[in-house]
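Visitor: Number 594 in the UniProt record's numbering belongs to position 594 of the sequence shown; there are no gaps in the numbering.
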Amino acid sequence: MGTAGYAETYAASVNNPEAFWLKAADLIDWDVRPQRALDDSGAPLFRWFPDGALNTSYNALDRHVLAGRGSETALVYDSAMLGSQRTYTFAELLSEVETFAGVLHGQGIRAGDRVVIYLPMIPEAVIAMLACARLGAVHSVVFGGFAATELAARIDDARPDAVVTASGGLEPKRRVEYLPTVAQALEASAHPVRAVVVTAREGFAHTAAEFDGAGGAAWLDWAMLAASARPQGPVSVAATDPLYILYTSGTTGSPKGVVRDNGGHAVALAWSMANIYDVAPGQTMWTASDVGWVVGHSYIVYGPLIAGAATVLYEGKPVGTPDAGAFWRVAAEHGVDVLFTAPTALRAIRRADPDAALTAGYDLSGLRTLFAAGERLDPETYRWASESLGIPVVDHWWQTETGWAICANPMGLDAQPLKPGSPTFPVPGFRVRIVDGAGAEVPPRAEGNIVLDLPLPPGTLATLWGSDDRYRASYLEAFEGSYATGDSGYLDEDGYVFVMGRTDDVINVAGHRLSTGAIEQIVASHPAVAECAVIGVKDSLKGQRPCGYVVLKAGAEAVEEEIQAALADLVRTRIGPVADFREVRVVEALPKTRSGKILRKTMRQIADGDDFTVPSTIEDRSVLDDLIPLLRPDPAAS
1 MGTAGYAETY
11 AASVNNPEAF
21 WLKAADLIDW
31 DVRPQRALDD
41 SGAPLFRWFP
51 DGALNTSYNA
61 LDRHVLAGRG
71 SETALVYDSA
81 MLGSQRTYTF
91 AELLSEVETF
101 AGVLHGQGIR
111 AGDRVVIYLP
121 MIPEAVIAML
131 ACARLGAVHS
141 VVFGGFAATE
151 LAARIDDARP
161 DAVVTASGGL
171 EPKRRVEYLP
181 TVAQALEASA
191 HPVRAVVVTA
201 REGFAHTAAE
211 FDGAGGAAWL
221 DWAMLAASAR
231 PQGPVSVAAT
241 DPLYILYTSG
251 TTGSPKGVVR
261 DNGGHAVALA
271 WSMANIYDVA
281 PGQTMWTASD
291 VGWVVGHSYI
301 VYGPLIAGAA
311 TVLYEGKPVG
321 TPDAGAFWRV
331 AAEHGVDVLF
341 TAPTALRAIR
351 RADPDAALTA
361 GYDLSGLRTL
371 FAAGERLDPE
381 TYRWASESLG
391 IPVVDHWWQT
401 ETGWAICANP
411 MGLDAQPLKP
421 GSPTFPVPGF
431 RVRIVDGAGA
441 EVPPRAEGNI
451 VLDLPLPPGT
461 LATLWGSDDR
471 YRASYLEAFE
481 GSYATGDSGY
491 LDEDGYVFVM
501 GRTDDVINVA
511 GHRLSTGAIE
521 QIVASHPAVA
531 ECAVIGVKDS
541 LKGQRPCGYV
551 VLKAGAEAVE
561 EEIQAALADL
571 VRTRIGPVAD
581 FREVRVVEAL
591 PKTRSGKILR
601 KTMRQIADGD
611 DFTVPSTIED
621 RSVLDDLIPL
631 LRPDPAAS
């Protein structure tokens, strides 16, 4: 743990951001070191390090090799699906990236060109991302297994010259063939793609040669191209040039592509690795996410490597590959210092192994900290993880748009006391306020809209791909001078931030505004509940009423009527009769996105009898289908 003070550091970041971030820029190797931190001439759009130039791939790989650390571990690939592992040193990973950059260069990819990456959790995903960065090309990773229509929409928006894919991906009970999906997407998209580069995996039905010419593209084998490729060095790009486009989860209709720049992104991630996660060169960080999500971009690929740390790439699930001890095995075998995962993964493990008995089989003495993000970490899951592991469990809050944490407990500064249900304090650089609908600040413990004052710090979105106007309309117009997070929450008397949910998860029951997040927190405190979702549904008398859906822990023996009565009593005791919480249904599973977010909006639309669109990011459509009969409006309940 560091010795610098959080309060002092935070004050410096907001009182003189120019000096603060120019000093932080020393963490990065620059081709042209910036003399200015912020260009505000285009406000409310801002640019960081406008006169700087660098290469992100060089900062992730070359500089560590040149510093004599080439033989140290950079990437550990652990496939629970295949039962295999592979380790890459910095020198080995650099060689692979140089070579694949040569493959892309040979297909005409240059700085500013776009490349769509549609890969599972295999080393080639990391290599392809870093190879694009090496050339100054802009990558857009699409979660492997997305439907052809969704892939086509992203191709039409990003307008890539090439698509990088694989034979397929592995799920616990099936293999997912990728090549037919890519072919369908190319046929459906209006934008012509020149080349599809395929990495072959054993056990899949199709090869690149079978599809050559599909969608008007040349379909090429990765290994064959790599054998004759000329390795490419790093291309210097402007700090303000785009590094990647990432489409927000749950996108329907026209995709919304978040643009991340090179310079601000590198500085923010380097700073966060040291100050938020307290990870140093030579240590190991495992982010149990997917490269298709922002968490995977920031803390599987770029953050750890830029910091000179080893990163773990895990192809598997928290449970079922083979059991609920999978995370503890990976952490023990690879000497993980810091683990970062989603609360939904912890809840899945807790449900299958309520007493955390499976931790006993592994040496976790090296695991220092567990970080959670992606969805609110409810207090009960927080307590379970804390007690089971005996280490700090740090909830932190951020978004695809921000690229790194808005609020966190800074383990590399002076860590603050933890409060269950809170991601602690604003991270240096982020100015967080709670406002009402008119933009006026509200008093402590009053729930309102969470906004971030402009300018946002480095590493946050520069704009939306192809449309500054859409960026302004989506995020910057609701509250003048601020970025609207779309989340609701409150500050307590000590300045701790509590994020309760999306703003549309605040419901109105007979004129009383209630947070479904607050109700969920109470429901989740019941010892039999593994996870839950509370939604507000239409009510002809009271406007809305809360309805709960709960998944029970393994071994929990209770009939639905008993659970319903117990949970209704809990909510009545802690919130009051005004909550009118009477409806609780026990379900086998809750519908989620692949990143672990529960589809509360979709559930609410179904319950209200409204038209709904199933998000493309849904993990398992059958879970939602099974739930629909329980969600359909019940006239008697009104």
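Glycine included, C-beta positions come from ideal geometry on N, C-alpha and C.
Quick caveat, the model's predicted, so the values are computed rather than measured.
Hey, is Q232 close to the ligand ZN, as in C-beta under 7 Å from one of its heavy atoms?
Guide: Within the structure as shown, the ligand ZN is missing, as the structure has no ligands at all.
Visitor: Tell me the DSSP secondary structure of N275 in three-state form.
Guide: Correct three-state label for N275: helix.
Visitor: Give the straight-line distance between the Cα atoms of P123 and L461, rounded to the nearest whole angstrom.
Guide: Between P123 and L461, the C-alpha separation is close to 26 Å.
Visitor: Taking Cβ positions, are L367 and I391 nearer each other than 8 Å?
Guide: Yes; because the gap between Cβ atoms is below 8 Å, this pair is in contact.
Visitor: To the nearest angstrom, report how far apart A438 and A446 are at their CA atoms.
Guide: Approximately 15 Å, taken between the alpha carbons.
Visitor: Could you tell me which uninterrupted beta strand (DSSP E) segments, each at least 3 residues in length, are contained entirely in the region 466–517, listed from first to last along the chain?
Guide: Taking only runs of at least 3 residues, the beta strand (DSSP E) segments lying wholly in the region 466–517 are 482–491, 497–502, 506–509, 512–515.
Visitor: Just mark S71 as buried or exposed, buried being the case when its beta carbon has 16 or more other beta carbons within 10 Å.
Guide: Exposed.
Visitor: Kindly give me the distance between the Cβ atoms of V537 and D608, rounded to whole angstroms, as I take these residues to be in contact under 8 Å.
Guide: About 6 Å; that satisfies the 8 Å criterion.
Visitor: To which residues of the same chain is T252 closer than 6 Å at the C-beta, ignoring the five residues directly before and after it?
Guide: Confidence at T252 is low in this model, with a pLDDT of 41, below 50, so its placement is unreliable and no value can be given for it.
Visitor: Do you know how far the Cα of L220 is from the Cα of P343?
Guide: Approximately 39 Å, taken between the alpha carbons.
Visitor: Measuring only the C-alpha atoms, how far is M285 from G335?
Guide: Whole-angstrom Cα-Cα distance: 9 Å.
Visitor: How many angstroms separate the CA atom of E96 from the CA atom of I127?
Guide: When rounded, the distance between both Cα atoms is 7 Å.
Visitor: Which residue or residues does DSSP assign as beta-bridge partners of H139?
Guide: Answer is V115, Y244.
Visitor: Could you tell me the boundaries of the alpha helix (DSSP H) in which A372 lies?
Guide: Looking at the DSSP string, A372 is not in any alpha helix (DSSP H); the run it does join, the beta strand (DSSP E), is 369–372.
Visitor: Could you give the DSSP three-state label for M285: helix, strand or coil?
Guide: M285: strand per DSSP, three-state reduction.
Visitor: With the cut-off set at 8 Å, would you say W48 and A239 are in Cβ contact?
Guide: It is a contact, given that the beta carbons lie within the stated cut-off.
Visitor: Hey, W384 and V499: beta-carbon distance below 8 Å or not?
Guide: In this structure, V499 does not lie closer than 8 Å to W384 by Cβ.
Visitor: Need the endpoints of the alpha helix (DSSP H) that L305 sits in, please.
Guide: Here the alpha helix (DSSP H) through L305 covers 303–306.
Visitor: According to DSSP, is Q564 helix, strand or coil?
Guide: Here Q564 sits in helix by DSSP.
Visitor: When DSSP labels each residue in this structure, what does L54 get in the three-state scheme?
Guide: Looking at L54 - three-state DSSP - the assignment turns out to be strand.
Visitor: If you follow the beta strand (DSSP E) that D78 is in, where does it begin and where does it stop?
Guide: Residues 73–79.
Visitor: Mind pulling the alpha helix (DSSP H) runs of 4 or more residues that sit fully within the region 339–396?
Guide: With a minimum length of 4 residues, the continuous alpha helix (DSSP H) runs that stay inside the region 339–396 are 343–352, 379–389.
Visitor: Rounded to the nearest angstrom, what separates P423 and P180 at their Cα positions?
Guide: Roughly 42 Å separates the two Cα atoms.
Visitor: Pop quiz: L358 and A324 are said to be a contact at Cβ under 8 Å. What is the actual Cβ separation, rounded to whole angstroms?
Guide: That pair is a contact at about 6 Å.
Visitor: Applying the 10 Å Cβ sphere with the 16-neighbour rule, what's the burial state of S540?
Guide: Under this definition S540 is an exposed residue.
Visitor: Classify I563 as buried or exposed, calling it buried when 16 or more other Cβ atoms lie within 10 Å of its own Cβ.
Guide: So I563 ends up on the buried side.
Visitor: Is S140 closer than 8 Å to I245 when the C-beta atoms are compared?
Guide: Cβ atoms of I245 and S140: closer than 8 Å.
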